[in-house]
Structures are given as C-alpha cells and as structure tokens.
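Contents: one structure, followed by commentary.
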C-alpha cells in the first residue's frame, strides 16, 4: 500500500514507477482526494526491480507498507 | 467440531473455503472467518460453557478449529475488582482483566494458541511471525508444544528481556537490521516463498479469533453480562475489534442481553494514528512514524485502524492518547494500588482510564473493565528508576539510623 502525503497527490508516482523500473503495477483499491491518498496495488517483476522501485517510491516521500498483514508488535 | 463455514472478505463479501489465506484475491482486503451461528447456537448454553475447562478453550465451539488444540494453559485469566485503583480514579465499579497471567505473559497466547492449532490442522510443519517481543515468545512456546519448527523475526535492538523471553523456547530467532517496517516487509516476501504458517500473515483470520475469548471470559466472569465500559489498548486495532466481537457474538447467540458497552481505545501519544483519526472526526487513519517507549503498541500503520475506529464510534465510546510520562505513571499506579505489574501498554490503559474518569466521560457508577494485555518484567528498564532502596549495614543500629524515624 502506498500512502501519499498531500504534496505528492498530484505527482504521477505510480506511472513513473512502472516506466522507470521493470515493474508492472496493478491498482486494486484506492482512495485519493485533494488532501490524502492511499493506493493498494500489486507489483509484479523481478525481486531486484521491485526492491529498487520501492526504494525510489520511498525516497520520494511516499509511505510503503506491505498489505499482507501488519506487524503484530508486542 | 468447528462452526467456521468459510473465509469472507470484509470489503466485497466474496467467500473462500477455510484455508491458510488472509487477503481477498479480488480486492486485497482482509478476510474474516464466517460462522454458522445458527448451528452454533443449538449446541451452546451458559451451562455448557461453564462446564468447560478453566482456559480459553472452554469456548472451543466458538473458535475456528477442528482438531485437538495446541494449548499451554492460556486464558480464563483473573477479572479482579480494582477497589484501590477505583478509589484513586473515582470509579466505584472498576475491574481489571489481567492477561499478564498467561503462559508467556501476554494476551498473545490466546491468538497464537488458535493460530498454531490451525497451522497443525493445515499440515504446516513450521510456523513463523514478525514481532517485537510478545508474539515471538508465544509463537516459539506454542511451536514447541506442537512439535513444530518456529522462525521468529524481530528488529535488532529490541529489549533483552524480550529476546531472552523468546529464545528460551529455542526457535530459530532472526534479528533483522532495520525497523519494524523492514521486518514486516521481509516477512511478507518470505510468506510468498516458503510454505510456513505465518501467524500474522496467512493464518491471520484464525489468529484474530483468539482475542474474542477476552470478551467471552469478561462477560462470563461478570455473571453473564457485558460491561458498561471497556478500556483497551490498540496497536493494529485488532484486539479492540475482537473484544467487541466476542461480546456481540454472546448476545447474538442469546447468552447475554443485547450489548450496550461503550468501547474506549487508548494509545501512546507517540504512536496514535487511530486516536488522531477519532479526534479529527474522520474514518481515515493516516499512518504515523511511531515514537514511544510503549514499543509493544507502536504500530504506525494499523491494519485494523478503520474497524477499531468504527467500533469506538458505533458503541458510543471514544479514544484517547497518553504521553510516555503518563503511561509510566499509569504502570506505577496500577502496581501500587492493585499489585499488578503491567508492561507499557497496561500503563497506557490506566493513564487513559484516568483521563476518561477525570473528564467524566466514564461515570463513577459505570461497570468498567480495563484490559491489561501484558506483563511488566519483560520491559522493566522503562521503570527502573523506581528502584530506590535504603541501604543499611547488617546491624540493628544501622537500620535504626537509616530508617528509625520512619518505623
């Protein structure tokens, strides 16, 4: 899941991710408005490309969390 | 026998057969266990439940398991009337549900007992989890009981007490050089690659059900009634939703009156995304970067945040966040009034309870249950300043000199 801060809502992050890295993106759920946005998407590709892609997305300021369950801390 | 009939998507309602699966293939939303409540109601009665073992497994018919449970003696923990703490806070009917007294000292034993039982049913020979302490210890302990292998993943730098408390059961203990988020990300990848029963990933729908027993026990111990108010901590929010679900199921099955319990959720201010959303009046939970000493509930992106929010709102309850100073004071207050040494999450609950009582949100005569979910000794360093002994020589004179005036 990508969670976008307000200042990145208008940036084509997902488009750029799939063009800059060999990663196929497939959006499954999303809620994007003027002031907040989250997108649940599948990423397909080689592990290394996905890792680098996620690192780039994170470096842009987007929060990335896996959607396979949270850490059950404690 | 299990009355679980399917896994059902929370969002789109699609159903799947009972299997190790946690997300809907279509919309990637979480799956919940769906029960045949009609059939369940036919076999359940207060008498039958009361005649069961003195553990969480007295409620076996309401849990999604078929075969023999993997149990190291979890549940049916004390519900104590907290007269001293109640007096301090101005609450006449305050109870503490003390889950410190589970085998690995936290409520995690409930959820893991169900998950490992299910893992065994599914034929896994290995279970795994990502954790910062309590879950890891419980998984390691239960794996031992089930003669299964366990891989537990923790961030490097967690408290020694938690490391020892996990390693003692001899799992494969892996420390990951990174944050909690990094451990989680790694485990998500591992779950795809290895055929392991990942407690909080592919076994999550079953694991989640274990927490309902907190609601069941509380109602039974109160004489088959729901409390007026519940105060509980929230990390992912899952426990909070399942306490509610447990009470709701009892009512649906005709075992208690309709539930009118106000659910209050507490978090540490340094990691309070659910409280933030509640106070902002929104249903959207913005993730945060956790920064609190209450590490066991420091989840920045709570998977069940939205659902926990809904429970708090729909029950006419609330949410409050407390500072690290307040939670430490809460830990000390609980120990020094009721003799219960809880971990930081327990301090959060007591501090939250104090605020809610002081502001009149929770009324003096309301029957209130505060859920204490884990024991203090594993993270004792956060209250180590409490140790201020008097030092004497081994003589009566020395004692008189140092303490004479106090006695």
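Residue numbers (the numbering used here), protein chains in the order written: chain A, 151 to 224; chain B, 382 to 788. C-beta atoms are modelled at their ideal positions from N, C-alpha and C, and glycine is treated no differently. Remember, predicted model here, so these are calculated numbers, not experimental data.
- A residue is called buried when at least 16 other Cβ atoms come within 10 angstroms of its Cβ; residue 394 of chain B does not meet this threshold and is exposed.
- A straight line joining the alpha-carbon of residue 670 of chain B with that of residue 427 of chain B spans about 45 Å.
- For residue 192 of chain A, no alpha helix (DSSP H) run applies; the uninterrupted beta strand (DSSP E) run containing it begins and ends at 187–194, by DSSP.
- Comparing C-alpha distances from residue 723 of chain B to each of B:389, B:665, B:756, B:772 shows the shortest one belongs to B:756.
- Note on geometry: alpha-carbon atoms of residue 784 of chain B and residue 776 of chain B lie some 12 Å from one another.
- Listed in chain order, the beta strand (DSSP E) runs fully inside the region 697–771 of chain B are 699–703, 749–753, counting runs of at least 3 residues.
- With respect to chain A, the C-beta atom of residue 392 of chain B has a partner C-beta closer than 9 Å.
- Collapsing the DSSP output to three states places residue 468 of chain B in a helix.
- According to the DSSP assignment, residue 541 of chain B belongs to the alpha helix (DSSP H) that extends over 541–548.
- Taking the Cα of residue 454 of chain B as reference, the smallest distance to any Cα among B:468, B:482, B:444 is reached at B:482.
- Setting aside the 5 residues that flank it on each side, residue 629 of chain B is surrounded in the same chain by 640, each with a C-beta closer than 7 Å to its C-beta; the list follows chain order.
- Bounds of any beta strand (DSSP E) do not take in residue 654 of chain B; it lies within the alpha helix (DSSP H) bounded by 654–661.
- Residue 542 of chain B places its beta carbon 9 Å or farther from that of residue 396 of chain B.
- For the pair residue 678 of chain B and residue 699 of chain B, the Cα-to-Cα distance works out to about 18 Å.
- Along the region 650–668 of chain B, going in chain order, the ones with a CB nearer than 8 Å to a CB of chain A are 665, 667, 668.
- The closest CA to that of residue 549 of chain B, considering only B:524, B:572, B:566, is found on B:524.
- In this model, residue 674 of chain B and residue 444 of chain B are separated by some 34 Å (Cα to Cα).
- In this structure residue 718 of chain B touches residue 469 of chain B by the C-beta definition: roughly 6 Å separates them, less than 8 Å.
- Taken through DSSP and simplified to helix, strand or coil, residue 213 of chain A comes out as strand.
- Secondary structure of residue 648 of chain B (DSSP, three-state): strand.
- In this structure, residue 614 of chain B places its C-beta atom within 9 Å of the C-beta atom of residue 727 of chain B.
- Rounded to the nearest whole angstrom, the C-alpha separation of residue 725 of chain B and residue 215 of chain A is 25 Å.
- Of the candidates B:692, B:663, B:564, B:692 places its Cα closest to the Cα of residue 622 of chain B.
- For residue 553 of chain B against residue 532 of chain B, the beta-carbon gap comes to about 5 Å, under 8 Å, which counts as contact.
- Comparing C-alpha distances from residue 183 of chain A to each of A:213, A:158, A:209 shows the shortest one belongs to A:158.
- Taking a 10 Å sphere around the C-beta of residue 643 of chain B, we find 16 or more other C-beta atoms and assign the residue as buried.
- Note on geometry: alpha-carbon atoms of residue 206 of chain A and residue 168 of chain A lie some 11 Å from one another.
- Residues of the region 183–198 of chain A whose Cβ lies closer than 7 Å to any Cβ of chain B, in chain order: 186, 190.
- Residue-level contact check: residue 389 of chain B does not touch chain A, since none of the beta carbons of chain A fall below 9 Å from its beta carbon.
- Closest in alpha carbon position to residue 637 of chain B, among B:606, B:627, B:618, is B:606.
- By the neighbour-count criterion, in which a residue is buried when 16 or more other Cβ atoms sit within 10 angstroms of its Cβ, residue 197 of chain A is exposed.
- Annotation: the continuous alpha helix (DSSP H) that includes residue 688 of chain B extends over 686–695.
- When Cβ pairs closer than 8 Å are counted between the two stretches, the region 495–505 of chain B is seen not to touch the region 459–477 of chain B, the count staying below three.
- No Cβ of chain B is located within less than 9 Å of the beta carbon of residue 175 of chain A.
- Close CB contacts of residue 584 of chain B within its chain, under the 7 Å cut and outside five residues either way in sequence, are with 401, 496, 499, 500, 578 (chain order).
- Taking a Cβ-Cβ cut-off of 7 Å, the neighbours of residue 178 of chain A in chain B comprise 408, 409, given in sequence order.
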